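Quick note on the numbering used here: the sequence shown kicks off at 120 and runs consecutively.
Beta carbons: idealized from backbone N, C-alpha and C, even for Gly.
Bear in mind that the values here come from a model prediction, so they are computed numbers and not experimental data.
For reference, the structure discussed in these notes is given below.
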Amino acid sequence: MGRPSNPQRPSSVTKNVVKSTKDAPARIEKRPYDSKSGSQNSRYVKKTSKSIERVIDSYVPKYSNSGSSDAEKISSSGSSIACSNSSASSVQPSESASNNSYPRKSYVNSRTSPDEIDDYLDLIYKDVCSQNLSSAMKDPDVMNDYRSRHRYHSGVTCARQFNLSHPYVLSMLRKMYSQFDCVSFCSMGLLEAGMIVYYLAPYTLGLDQASQGEGTATIGRHNFSTRVHLKGRFGIVVDKYTQALTVAEVFTFGGKGLQSKPRRVHAEYVGLQCASDKEFYNPSPYPPLEVAESACDMSKDMSVHLVTDKIGLSHQILFAGRVTSSSLRNLRDLIKKTEEAARR
Numbered sequence: 120m121g122r123p124s125n126p127q128r129p130s131s132v133t134k135n136v137v138k139s140t141k142d143a144p145a146r147i148e149k150r151p152y153d154s155k156s157g158s159q160n161s162r163y164v165k166k167t168s169k170s171i172e173r174v175i176d177s178y179v180p181k182y183s184n185s186g187s188s189d190a191e192k193i194s195s196s197g198s199s200i201a202c203s204n205s206s207a208s209s210v211q212p213s214e215s216a217s218n219n220s221y222p223r224k225s226y227v228n229s230r231t232s233p234d235e236i237d238d239y240l241d242l243i244y245k246d247v248c249s250q251n252l253s254s255a256m257k258d259p260d261v262m263n264d265y266r267s268r269h270r271y272h273s274g275v276t277c278a279r280q281f282n283l284s285h286p287y288v289l290s291m292l293r294k295m296y297s298q299f300d301c302v303s304f305c306s307m308g309l310l311e312a313g314m315i316v317y318y319l320a321p322y323t324l325g326l327d328q329a330s331q332g333e334g335t336a337t338i339g340r341h342n343f344s345t346r347v348h349l350k351g352r353f354g355i356v357v358d359k360y361t362q363a364l365t366v367a368e369v370f371t372f373g374g375k376g377l378q379s380k381p382r383r384v385h386a387e388y389v390g391l392q393c394a395s396d397k398e399f400y401n402p403s404p405y406p407p408l409e410v411a412e413s414a415c416d417m418s419k420d421m422s423v424h425l426v427t428d429k430i431g432l433s434h435q436i437l438f439a440g441r442v443t444s445s446s447l448r449n450l451r452d453l454i455k456k457t458e459e460a461a462r463r
């Protein structure tokens, strides 16, 4: 495949002109704004999108289902990649999305090789990847945050904070660059309640817990030390504040699902269902939450914990999808119910 004449990654807002190759048909698009001036950008970008998209798709495939219905209209999002509809699922989401969808499967044995990771990152950040930026990028507060923080939330170094051997992580990185022009969110103004997010979450390992591989490290020195494991975690944004989010964490319990846990804890969780789920089962006593949009495949084993946690931009947040507006209301009600039960 031909490569652009400049091997360095083009600055996605300020360096807008990149030469296309002979064998890749170019597409011209207008960028919506200029990060320095804050005004509408009238310069044009030539994009070798078709050939690059073919190579990217060889690493992280997209799937389609002609039975899907119209997408839930979300004002701040660009193009959506969503779970598709299926008449055989136990709950029919009322707000499903477009034909581009990801299948539901276990993450346990799904890995991407180091060579594929390097090629994939080159294609996203060094060559030209097509973009359809969110309208939220035009917000003045977002643009100010972009100018001051973007360098800390962009580039290959930022991307390599994540475990890139997971194909679903690569899918989210592609979505983030396409829609938000960064690796991880650099502004709270781009985040909304109801988003499914993926973020880095360190936690302490107990003395009875085995080390979890490369993500495990011992911290501390002379007077104290403990083991900490860093992993990527899915969550649903319940509420947004000025400098923080409250999220309901998502668990797969090692790919075994909620059914692997004692029955007494089932009422503290609720399932997460895509419209494409033909055979969905979750032992939670509550109807599952419905996925309206997804940026990667999502495991059928996912269960949402009805207890919230707090995260911020330093957790390196990625966009993974959205739940329907009715599911967000149900989630808030279930969290309130769980909190009230704990006070008794």
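What residue does the alpha helix (DSSP H) around residue i start on, and which one ends it?
| i | result |
| --- | --- |
| K380 | That residue, K380, is in no alpha helix (DSSP H); it is neither H nor E in DSSP. |
| P233 | P233 to L240 |
| P259 | P259 to R268 |
| A278 | G274 to A278 |
So residue i packs on residue j, CB below 8 angstroms; how close in whole Å?
| i | j | result |
| --- | --- | --- |
| L364 | L310 | 6 angstroms |
| G440 | V410 | 6 angstroms |
| L377 | S403 | 6 angstroms |
| R293 | I243 | 6 angstroms |
| I355 | L432 | So it is not a contact: roughly 17 angstroms between Cβ atoms. |
| F372 | I315 | Contact flag wrong, Cβ pair sits at about 18 angstroms. |
| V442 | G313 | 5 angstroms |
So, for residue i: in the same chain, excluding its five sequence neighbours on each side, which residues have a beta-carbon less than 8 angstroms away from its beta-carbon?
| i | result |
| --- | --- |
| Q331 | L324, H348 and K350 |
| E387 | H424, L425, V426 and T457 |
| H272 | C301, V302, S303, F304, C305, L432 and Q435 |
| H385 | L377, P402, S403 and P404 |
Using the Cα positions of residue i and residue j, report the straight-line distance between them to the nearest angstrom.
| i | j | result |
| --- | --- | --- |
| D396 | V389 | 16 angstroms |
| S306 | S267 | 10 angstroms |
| R304 | L391 | The sequence as given places Phe at residue 304; Arg does not occur at that position. One C-alpha to the other measures close to 24 angstroms. |
| L283 | R383 | 36 angstroms |
| S254 | Q328 | 45 angstroms |
| A216 | E412 | Residue placement at A216 is poorly supported in this model, since its pLDDT is 39, which falls under 50; the coordinates are not used for a value here. |
| D241 | K257 | 27 angstroms |
| M421 | D234 | 29 angstroms |
| P381 | L326 | 22 angstroms |
| Y239 | F281 | 14 angstroms |
| H341 | L289 | 39 angstroms |
| I101 | S232 | Any question about residue 101 goes unanswered here, given that the chain covers just 120 to 463. |
| Y400 | M417 | 14 angstroms |
| Y322 | R230 | 23 angstroms |
| A461 | D452 | 14 angstroms |
| A336 | F299 | 32 angstroms |
| Q435 | P406 | 31 angstroms |
| Q362 | H269 | 16 angstroms |
| F370 | E459 | 22 angstroms |
| Q250 | Y296 | 7 angstroms |
| H73 | K419 | No statement about residue 73 is possible, as the shown extent of the chain runs from 120 to 463 and does not include it. |
| R463 | Y360 | 28 angstroms |
| D264 | E398 | 43 angstroms |
Residue i lies in the beta strand (DSSP E); which residues open and close that run?
| i | result |
| --- | --- |
| F370 | L364 to F370 |
| V302 | Looking at the DSSP string, V302 is not in any beta strand (DSSP E), and its letter there is neither H nor E. |
| V443 | It is worth fixing the name first, because residue 443 is Thr in this sequence and not Val. Segment: none, T443 is in no beta strand (DSSP E) and carries neither H nor E. |
| G325 | First-last for G325: undefined, no H or E at that position. |
| F353 | T345 to K359 |
| F436 | It should be noted that the sequence gives Ile, not Phe, for residue 436. Premise fails: I436 is in no beta strand (DSSP E) and is neither H nor E. |
| Q392 | Y388 to Q392 |
| L310 | Per DSSP, L310 belongs to no beta strand (DSSP E) and is neither H nor E. |
| I243 | Where I243 is concerned, there is no enclosing beta strand (DSSP E), given that its DSSP letter is neither H nor E. |
| S413 | L408 to S413 |
| A336 | T335 to I338 |
Could you check whether residue j and residue i sit closer than 7 angstroms to each other, using their CB atoms as the reference points?
| i | j | result |
| --- | --- | --- |
| L425 | Y317 | no |
| A278 | V302 | yes |
| C415 | M291 | yes |
Spatial neighbours of residue i within its chain, please: C-beta separation below 7 angstroms, excluding the five flanking residues on both sides.
| i | result |
| --- | --- |
| S446 | L408 and E409 |
| T427 | V357, T365, V366, A367 and I454 |
| V275 | L240 and Y244 |
| S379 | F372 |
Apart from the five residues on each side of it in sequence, which residues of its chain come closer than 6 angstroms, Cβ to Cβ, to residue i?
| i | result |
| --- | --- |
| I338 | V347 |
| G308 | D258, D260 and V261 |
| S444 | none |
Can you confirm whether residue i, when its beta carbon is compared against all beta carbons of chain B, has any partner nearer than 7 angstroms?
| i | result |
| --- | --- |
| D234 | In the displayed structure, chain B is absent; only one protein chain is listed. |
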